[in-house]
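Undergrad: Shown below is the structure under consideration.
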Amino acid sequence: MTANKRSNGDHVGELLSGYIDGELTQQQRQRVELHCEACTECKVELAELRALRGEVGNARLSEFGEDVWREKMNDPTVQVSRGIGWLLFLGGILIAAGIGIYEFIVDSSIEPWVKFLFAAIYGGLALLFLSVLRQRLIERKTDKYEDVEI
Amino acid sequence: MRQELAQLGGGAHALAIQILGNVDDAADAVHDAFETALSRPDAYDAAKGPLKPWFLRVVRNRCIDMLRRRRGDAVPVDSLIDARATPDEALITAQRAFAIKRALATIPSDQREIVVLRDYLDLSYAEIADVLRIAPGTVMSRLHRARLALKEALNTDDS
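Residue numbers (the working numbering), protein chains in the order written: chain A, 1 to 150; chain B, 1001 to 1159.
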């Protein structure tokens, strides 16, 4: 059996792909290089796979450029629908919370000290949330990249 | 983040076309992925890796959802080829690009994906494994099989 006509088991196979992608260990790389010096079949295949990789890389598989995606991201319909979504979501939460608080306050079956305890817990949580929110908003306002439009 | 996402749009669209087989559906998938990424920016953790493979995974998941809704992943071969591009385009490179698109359309979807992720989007094997949710050790063999299939398809097309 000559070096050029080895059985499939002797060829380096998938290592050729790893070689052109630079994903092999030094030992594997040396193995491929030594093999290709002696095996024309693998040498040709290596060249073909490398060319193929280049061709796929250069093929324009999407006709949409960066500008198109930038416009799509800034699409007013998306902006408006997102705004409405947030408005509905937050509005719903506020109304539900308001009703809950009202029911809790007017409920005569709950002892006043229990009401006070729950008011302290939830009031504290609300204050913590508002302070974090305020901090985030201040950070956002002072973000020097905020006005950079893409 | 918006800037980076806009730059990734073209590549993500190319990947989505290979999965969905339709240019417009692919654009919708990328658009949905943009919305996901922008509405939940915390979902991306920079400490876990670059944005590119993460965003491509979001796009791929979206495409898979769309395929499930279609109930089947059969992609008509012709739909993968952009009708606007014709072999009559003057440049040889354009003809070759057309041949690549046509050959890609004839190989299985999973093979198209992996070839596009590596050769078009230039992802490393580790990133490909992350996007496809497969073991890193299987990337090389899968990719090699896909490249051989693509080469075969090109040769058949040429002859």
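Cβ atoms here follow ideal geometry from the backbone N, Cα and C, with glycine treated the same way.
8 Å is my cut-off, CB to CB: does lysine 10 (chain A) come that close to chain B?
TA: Numbered from 1 along the first sequence, position 10 holds the residue referred to as residue 10 (chain A). Residue 10 (chain A) is actually aspartate in this sequence, not lysine. So, not an interface residue.
Undergrad: Taking Cβ-Cβ distances below 9 Å as the criterion, which residues of the stretch 56-67 of chain A are in contact with chain B?
TA: Residues Val56, Gly57, Asn58, Ala59, Arg60, Leu61, Ser62, Glu63, Phe64, Gly65, Glu66 and Asp67.
Undergrad: Taking three-plus beta-carbon pairs below 8 Å as touching, is the stretch 8-21 of chain A in contact with the stretch 1128-1147 of chain B?
TA: Yes, the stretch 8-21 of chain A is in contact with the stretch 1128-1147 of chain B.
Undergrad: For chain A, find out if any of its Cβ atoms is closer than 8 Å to the Cβ of glutamate 1089 (chain B); answer yes or no.
TA: As a position in the second sequence, residue 1089 (chain B) is number 89, starting the count at 1. Per-residue confidence for glutamate 1089 (chain B) stands at a pLDDT of 49, beneath the threshold of 50, marking its modelled position as unreliable; no derived number is given.
Undergrad: Is the beta carbon of alanine 1006 (chain B) closer than 8 Å to that of alanine 1033 (chain B)?
TA: For the purposes of this step, residue 1033 (chain B) is taken as residue 33 along the second sequence, with counting starting at 1. For the purposes of this step, residue 1006 (chain B) is taken as residue 6 along the second sequence, with counting starting at 1. Taking 8 Å as the Cβ cut-off, alanine 1033 (chain B) and alanine 1006 (chain B) do not qualify as a contacting pair.
Undergrad: If we count Cβ pairs, one from each stretch, closer than 8 Å, do we get three or more for the stretch 85-101 of chain A versus the stretch 1052-1061 of chain B?
TA: No: the two stretches stay apart, fewer than three of their Cβ pairs being nearer than 8 Å.
Undergrad: Strictly below 7 Å CB to CB, what residues from chain B border glutamate 48 (chain A)?
TA: Residue numbering aside, residue 48 (chain A) sits at position 48 when the first sequence is read from its first letter. Near glutamate 48 (chain A) (Cβ distances below 7 Å), the residues of chain B are Lys1151.
Undergrad: State the Cα-Cα distance for the pair glutamate 37 (chain A) and arginine 31 (chain A), rounded to the nearest angstrom.
TA: To locate residue 37 (chain A), count along the first sequence from 1; it is residue 37. To locate residue 31 (chain A), count along the first sequence from 1; it is residue 31. Distance between the alpha carbons of glutamate 37 (chain A) and arginine 31 (chain A) is about 10 Å.
Undergrad: Give the residues of chain A in contact with glutamine 1007 (chain B), contact being defined as C-beta atoms less than 7 Å apart.
TA: Along the second sequence, one-based indexing puts residue 1007 (chain B) at 7. What glutamine 1007 (chain B) touches in chain A: Glu66.
Undergrad: Please decide whether methionine 1140 (chain B) counts as near chain A, where near means a Cβ-Cβ distance under 8 Å.
TA: The residue given as residue 1140 (chain B) occupies position 140 in the second sequence. Yes, methionine 1140 (chain B) counts as interfacial toward chain A.
Undergrad: Below 8 Å on C-beta distance, what does lysine 1101 (chain B) contact in chain A?
TA: Taking the first residue of the second sequence as position 1, residue 1101 (chain B) is located at position 101. Neighbours of lysine 1101 (chain B) on chain A, chain order: Ala59 and Leu61.
Undergrad: Output yes if chain A places a C-beta closer than 8 Å to the C-beta of tyrosine 1044 (chain B); else output no.
TA: Working through the second sequence from its first residue, we reach residue 1044 (chain B) at position 44. No - not a single Cβ of chain A is within 8 Å of the one on tyrosine 1044 (chain B).
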